[in-house]
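Report on the following structure.
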Amino acid sequence: MGEHTTLRRATQLTRRLPATLGLIGILIVAGVATGALWQPFASSDSFDALAYGLPALEAGRWWTPLTGTFVVAAPWLYLVGIPTLLGMGYLEIRRGSRIAAAYFAVGQLFSIFAAALFLWLAALLPWPWAQAQAMTLDVGPSGGLFACLAAALALLPSPWRLRAWTVLIAGLALTFLYYGSLPDLERVLAVALVLGVDRSLRPQRVSVREQRLIAFVVLCALGAFEILGYLAPMTGPFGSSEATSGSWVDVAVNTALVLVIATALRRGRRWAWVVVMIYSALNLLLVLLLFGILLLSGLTEIEADLDADFTSVLASSALWLVASVYFFLVRAAFRARPRAALGETPAPSVDEVKAELRTSGGGTLSWMTTWEGMSYARFDRGIVAYQRRSGVALALGDPLGPVASRALTVRSFIDAAEAAGLAPCFFSAGETTAEAVPSGWRRLVVADDTVVDLPGLQFTGKAWGAVRTSLNRAEREGMTFRLSTLAEETWGVRQQLRAISESWVGDKGLPEMGFTLGTLHEAADPEVRLALAVSPQGDVDGFLSWLPIWGEGEIRGWTLDLMRRRDDGFGPVMEFLIGASARQFSAEGAQVVSLSGAPLAHEYPADAGAIADLQDRMAAMLEPVYGFASLHRFKQKFHPRYETMYLLYRDEADLTRIGAALTRAFLPHATLGQFAAAGVDLVRHER
31 MGEHTTLRRA
41 TQLTRRLPAT
51 LGLIGILIVA
61 GVATGALWQP
71 FASSDSFDAL
81 AYGLPALEAG
91 RWWTPLTGTF
101 VVAAPWLYLV
111 GIPTLLGMGY
121 LEIRRGSRIA
131 AAYFAVGQLF
141 SIFAAALFLW
151 LAALLPWPWA
161 QAQAMTLDVG
171 PSGGLFACLA
181 AALALLPSPW
191 RLRAWTVLIA
201 GLALTFLYYG
211 SLPDLERVLA
221 VALVLGVDRS
231 LRPQRVSVRE
241 QRLIAFVVLC
251 ALGAFEILGY
261 LAPMTGPFGS
271 SEATSGSWVD
281 VAVNTALVLV
291 IATALRRGRR
301 WAWVVVMIYS
311 ALNLLLVLLL
321 FGILLLSGLT
331 EIEADLDADF
341 TSVLASSALW
351 LVASVYFFLV
361 RAAFRARPRA
371 ALGETPAPSV
381 DEVKAELRTS
391 GGGTLSWMTT
401 WEGMSYARFD
411 RGIVAYQRRS
421 GVALALGDPL
431 GPVASRALTV
441 RSFIDAAEAA
451 GLAPCFFSAG
461 ETTAEAVPSG
471 WRRLVVADDT
481 VVDLPGLQFT
491 GKAWGAVRTS
501 LNRAEREGMT
511 FRLSTLAEET
521 WGVRQQLRAI
531 SESWVGDKGL
541 PEMGFTLGTL
551 HEAADPEVRL
561 ALAVSPQGDV
571 DGFLSWLPIW
581 GEGEIRGWTL
591 DLMRRRDDGF
601 GPVMEFLIGA
611 SARQFSAEGA
621 QVVSLSGAPL
631 AHEYPADAGA
641 IADLQDRMAA
651 MLEPVYGFAS
661 LHRFKQKFHP
671 RYETMYLLYR
681 DEADLTRIGA
691 ALTRAFLPHA
701 TLGQFAAAGV
711 DLVRHER
């Protein structure tokens with residue numbers, strides 16, 4: 031069965047990639063026929079007759095653009111060409127065999143003839159590099175393959191398209207300016223052709239974040255060019271130079287400085303942009319000085335007098351001047367103020383947030399936005415509650431405010447966070463917010479909110495047996511249920527609640543979690559209700575805290591937060607408390623109760639991605655401590671309906687920072703020792 035499936039897939043792939051597979055077949059046959067598959071073809075007697083280039087065209091060997099295309103210069107190049115062949119295959123799958131074949135043929139022929147024309151004209155000048163390359167022959171399909179690769183990059187989704195283009199151009203610039211062989215020139219011309227035809231590279235139209243990312247890549251490339259010129263010989267269009275001898279310490283320091291400044295550029299820091307522009311200005315002065323010396327007395331004589339080689343310096347300075355044009359054009363992207371308030375100032379207070387909640391309503395998690403540690407960004411009447419963690423603006427739930435303005439609030443928050451150099455994301459957001467984020471954003475399910483509808487709720491039938499049994503048993507054993515607030519309870523009851531909570535925390539290797547999980551401090555809010563199970567002896571055997579869910583001007587439901595019980599108390603105390611609370615809320619006219627979504631308890635598919643893997647690892651580490659998965663299974667006894675909660679983020683490049691931000695948001699006070707201890711407990715639990 032497996033062999034038949036493999037054969038069928040191979041047949042389907044062959045049918046979809048006839049052009050790519052046909053090219054591979056021709057290259058292999060030509061490699062066997064000429065011996066290029068196992069020995070360098072440049073040393074073959076057939077090289078001059080089959081290779082293309084300006085000398086071949088001047089000699090009338092018109093067939094060489096065809097014959098030279100399908101022969102590879104050296105055996106190792108067969109392996110190097112695999113990535114570009116994959117690019118052609120991707121192009122063929124996406125746009126068809128005819129388009130892929132056309133890109134290959136036109137790109138290959140254009141690169142050959144355009145390079146020959148360029149070198150023929152350039153060799154008329156006193157330019158040693160052009161004169162040397164004008165006498166060079168070449169073989170191989172690199173021009174056509176790079177044209178296909180460039181066309182394939184144009185098909186990538188945003189923002190990966192622009193990033194891939196930036197990396198490709200940086201790589202081509204490196205090979206051409208520092209090595210400058212005829213194949214390097216042909217690849218540059220082939221990609222330039224596709225760039226002019228497809229017009230898929232438009233950095234001036236991209237977001238501020240992408241402008242910063244491009245600046246990061248460009249600066250890293252410039253740093254790599256300088257280091258390469260410092261360490262390796264150079265044979266590019268600016269001339270030849272020997273590797274500069276020097277200390278590895280200097281190289282390491284230069285690399286570290288480039289990385290620090292490049293990272294600051296990626297975060298939009300103004301000081302980094304100023305440093306880059308000052309360095310670009312110095313390079314401009316250096317270029318002017320070198321050209322002045324060249325005109326006055328000759329660069330060669332000065333190099334001999336100073337025992338220096340200015341070739342790599344001139345190449346690097348020229349690159350800096352070109353890059354400085356880009357840095358100047360996108361200067362507005364580097365005004366990030368990471369500590370500045372997002373949104374309108376002054377930021378709303380907690381009382382104003384509560385007032386907006388009562389007026390406009392909110393979701394099941396909205397009351398959590400009033401807890402300590404939250405910051406607020408106001409955009410007209412829309413409010414986003416968020417935390418700054420690890421360079422991330424981590425928004426909790428859906429925006430507050432009028433429903434009609436929430437989409438605009440989402441976009442405004444994203445723009446403000448990016449302008450401040452922060453990575454925006456929404457945690458535990460609903461479907462409305464997921465639809466409001468820009469197209470191309472990623473979404474990942476982080477929890478399933480468990481909602482019980484109260485109108486007509488009756489604990490009858492077999493399905494409600496566990497809940498009904500707990501209520502009946504509590505009545506038989508004299509358990510008392512009451513709803514109140516923490517302030518209404520006596521000092522003795524409050525002490526019991528603290529003792530139960532501290533006992534629960536003391537048994538864990540980690541402190542109480544935050545962000546979407548409250549403590550007794552949050553339960554002290556006078557608008558939060560407590561559900562208590564009191565024994566006939568007056569002991570509190572367990573308690574819950576319920577957060578209000580506001581509709582438009584009234585409370586429409588309650589969200590479960592704290593769940594604490596005495597170890598030696600009434601057995602099914604949680605079923606009793608939730609069931610009794612739901613029954614009383616229903617009698618009061620509430621529409622829903624939310625049992626909340628257990629954090630880190632969602633089951634992800636195998637291909638969910640890196641952030642899902644991170645949450646799975648966190649869940650595995652914290653399950654023996656907090657029991658999220660078992661809590662999720664417990665809530666199923668109340669037969670809730672599920673509402674999906676998402677993590678919304680720009681793309682995979684943000685996942686590392688988001689993972690760190692979530693860890694610190696949920697465990698803001700945990701130490702490294704506590705994390706390590708929890709890991710040890712996990713190992714013991716698994717054993």
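Residue numbering for the sequence shown is 31 to 717, as defined by this note's numbering. No residue lacks a Cβ here, since even glycine has one placed at the ideal position from N, Cα and C.
Trp401 sits in coil when the DSSP states are folded into three classes, being neither helix nor strand. Non-local beta-carbon contacts of Ala181 in its own chain, meaning distances under 7 Å to residues more than five positions away in sequence, involve Leu121, Tyr133, Val224, Asp228 in chain order. Between Pro48 and Ser172, the C-beta spacing is not below 8 Å. Note on Asn502: under 16 other CB atoms within 10 angstroms of its CB, so exposed under the neighbour-count rule.
If the five residues before and after Trp580 are omitted, its C-beta is found closer than 6 Å to the C-beta atoms of Leu387, Arg388, Gly391, Gly392, all from its own chain and listed in chain order.
Taking the Cα positions, Arg365 is about 32 Å away from Leu207. If you draw a straight line from the Cα of Gly568 to the Cα of Val623, it comes to about 28 Å. By the beta-carbon neighbour count (other beta carbons within 10 angstroms, threshold 16), Met165 is exposed. With fewer than 16 other beta carbons inside 10 angstroms of its own, Gln666 counts as exposed. Contact check for Phe668 against Ile608 passes: the beta carbons are separated by less than 8 Å. In the three-state DSSP reduction, Pro556 falls in the coil class, being neither helix nor strand.
Trp190: member of the alpha helix (DSSP H) spanning 190–208, first to last residue. Per DSSP, the continuous beta strand (DSSP E) segment holding Gly412 begins and ends at 412–419. Counting only the Cα atoms, Ile291 lies some 34 Å from Ile413.
If you draw a straight line from the Cα of Thr439 to the Cα of Arg45, it comes to about 49 Å. Contact annotation: Gln163 and Leu212 have beta-carbon atoms nearer than 8 Å.
For Ser469, no pairing in a beta bridge is given by DSSP. Cβ atoms of Leu57 and Val102 come within 8 Å of each other, at about 6 Å.
A distance below 6 Å between beta-carbons, with the five flanking residues on each side excluded, links Val306 to the following residues of its chain, in chain order: Phe357. Under DSSP, Val623 shares a beta bridge with Val482, Trp588. Using a C-beta cut-off of 8 Å, the stretch 504–519 makes contact with the stretch 551–564, since at least three inter-stretch Cβ pairs fall below that distance.
The beta carbon of Pro432 sits closer than 8 Å to the beta carbons of Ser390, Arg411, Gly412 from its chain, once the five residues preceding and following it are set aside; these are given in chain order. Here the C-alpha atom of Val288 lies approximately 10 Å from the C-alpha atom of Ala294. With respect to Leu359, Leu314 sits apart: the two C-beta atoms are not nearer than 8 Å. Cβ contact annotation for Ser442 (same chain, cutoff 6 Å, sequence separation greater than five): Phe409, in chain order. Proximity of the stretch 586–605 to the stretch 491–509 meets the contact definition, three or more beta-carbon pairs being nearer than 8 Å. For Gly61, the enclosing alpha helix (DSSP H) covers residues 48–64. With contacts defined as CB atoms closer than 8 Å, Ala477 and Met264 fail to qualify as a contacting pair. Considering only Phe246, Thr196, Val238, the residue with the shortest C-alpha distance to Ala222 is Thr196. A distance of 8 Å or more separates the beta carbons of Asp214 and Gly83. Here Leu219 is buried, its C-beta having at least 16 other C-beta atoms within 10 Å.
Residue pairing by DSSP places Pro578 opposite Trp588 in a beta bridge. Ser458 places its beta carbon 8 Å or farther from that of Arg687. Only residues of its own chain outside the window of five on either side were considered, and among them Thr50, Leu53, Ile54, Leu175 have a CB closer than 8 Å to the CB of Leu115, listed in chain order. The closest CA to that of Ala177, considering only Ile129, Thr463, Arg193, is found on Ile129.
Remark: C-beta atoms of Gly522 and Leu592 do not approach each other more closely than 8 Å.
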